[in-house]
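See below for the structure under consideration.
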Amino acid sequence: MSTVRSAAHFCSTPWSVVREILELAEVHPEDILYDLGSGDGRIPILAAQEFGCRSVGIENDRDLFVYSAKRVLELNLQDRVSFVYGNFFEADLSSATVVVLYLLSAVNGHLRARLASQLRAGSRVVAVDFDVPGWRAERTLSVVSDGNVEYTLYLYRRSSSGALCKDTPTNSASLPAGNANTGISKDSPARNLEGKENV
Ligand SMILES: C[S@@+](CC[C@H](N)C(=O)[O-])C[C@H]1O[C@@H](n2cnc3c(N)ncnc32)[C@H](O)[C@@H]1O
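In our numbering, the protein residues as written are 408 to 606.
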């Protein structure tokens, strides 16, 4: 994939739900967390501040990237948090031990092969509201935000045998193709990410 694709509109995860994500993934100081599509940067920043890990956010919206990078400097977190202005479909994820996805399932499906080939044993993936097609969640958790909106968190873990997937791989040919955003729009029948609260 050579061009940058917009795979989801910006919609931030509420702070209380961010904490639930990080607890579900059992983030610890030795972890390296990646947030694919990091928005305003809150997940990598909170992960470093409250869970002590190093973290990386990848974001292809320039304004959001600049905002996140400035926050890192303001909070003096530059030794632990970094933001990359770029396309997560092209990112090297091999150093990640925790990956957070707040993207549609179709987008998660596009990322699946990259995650499966690059993540090491013991790595965790938490998908917010939209599962990863073809993967079996170790745990599914419903959480209610401060604003009283329910979110579903899917926890996946890479085993030492490399297993993350079910035996029935998703047919990627059936996923939306092209350079359009991957089926995500305000009118998407699947789910309107922008319809969620921005807390
Ligand atoms: C639903 S928001 C999630 C923001 C943040 N992770 C959170 O949970 O608060 C999805 C983000 O992905 C970004 N995005 C979409 N496609 C991308 C791509 N191909 N590479 C990098 N970022 C992308 C969007 O700009 C948006 O900020």
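Don't be surprised by glycine CBs; every beta carbon is placed ideally from N, CA and C.
As the structure is a prediction and not an experimental result, all values here were calculated from the model.
{"Check": "Neighbourhood of R546 by C-beta distance below 6 angstroms, restricted to the same chain and skipping five residues each side", "Outcome": "L562"}
{"Check": "Uninterrupted beta strand (DSSP E) stretches inside the segment 525–566 (no shorter than 3 residues)", "Outcome": "531–535, 546–551 and 557–564"}
{"Check": "DSSP three-state assignment for V434, whether helix, strand or coil", "Outcome": "coil"}
{"Check": "Any C-beta of chain D under 8 angstroms from that of Y561", "Outcome": "Looking at the structure shown, chain D is missing, and only one protein chain is on hand."}
{"Check": "Segment contact, 8 angstroms Cβ cut-off, at least three pairs: the segment 475–491 with the segment 501–513", "Outcome": "no"}
{"Check": "Segment contact flag, the segment 515–534 with the segment 548–564, C-beta cutoff 8 angstroms, min 3 pairs", "Outcome": "yes"}
{"Check": "Integer Cβ distance of P451 from V488, believed to fall under 8 angstroms", "Outcome": "5 angstroms"}
{"Check": "Residues near F458 by beta carbon distance below 6 angstroms, same chain, minus five either side", "Outcome": "L429 and V434"}
{"Check": "L484 vs I465 beta-carbon contact at 8 angstroms", "Outcome": "no"}
{"Check": "Given A534 as reference, the closest of R543, E557 and L510 once Cα atoms are compared", "Outcome": "L510"}
{"Check": "Status (buried if at least 16 other CB within 10 Å, exposed otherwise) for A520", "Outcome": "exposed"}
{"Check": "Residue span of the alpha helix (DSSP H) that contains Y509, given as start and end", "Outcome": "Note, Y509: premise wrong, no alpha helix (DSSP H); not H, not E."}
{"Check": "Buried versus exposed, by CB contacts within 10 Å (16 or more), E557", "Outcome": "exposed"}
{"Check": "Per DSSP, cross-strand counterpart(s) of R478", "Outcome": "Answer is none; R478 lacks a bridge partner."}
{"Check": "Residue range of the beta strand (DSSP E) that includes L440", "Outcome": "I439 to L443"}
{"Check": "Proximity test, T420 beta-carbon vs ligand 1 heavy atom, cut-off 7 angstroms", "Outcome": "yes"}
{"Check": "Distance cut-off 7 angstroms: A415 Cβ against heavy atoms of ligand 1", "Outcome": "yes"}
{"Check": "Three-way DSSP call (helix, strand, coil) for N467 in this model", "Outcome": "coil"}
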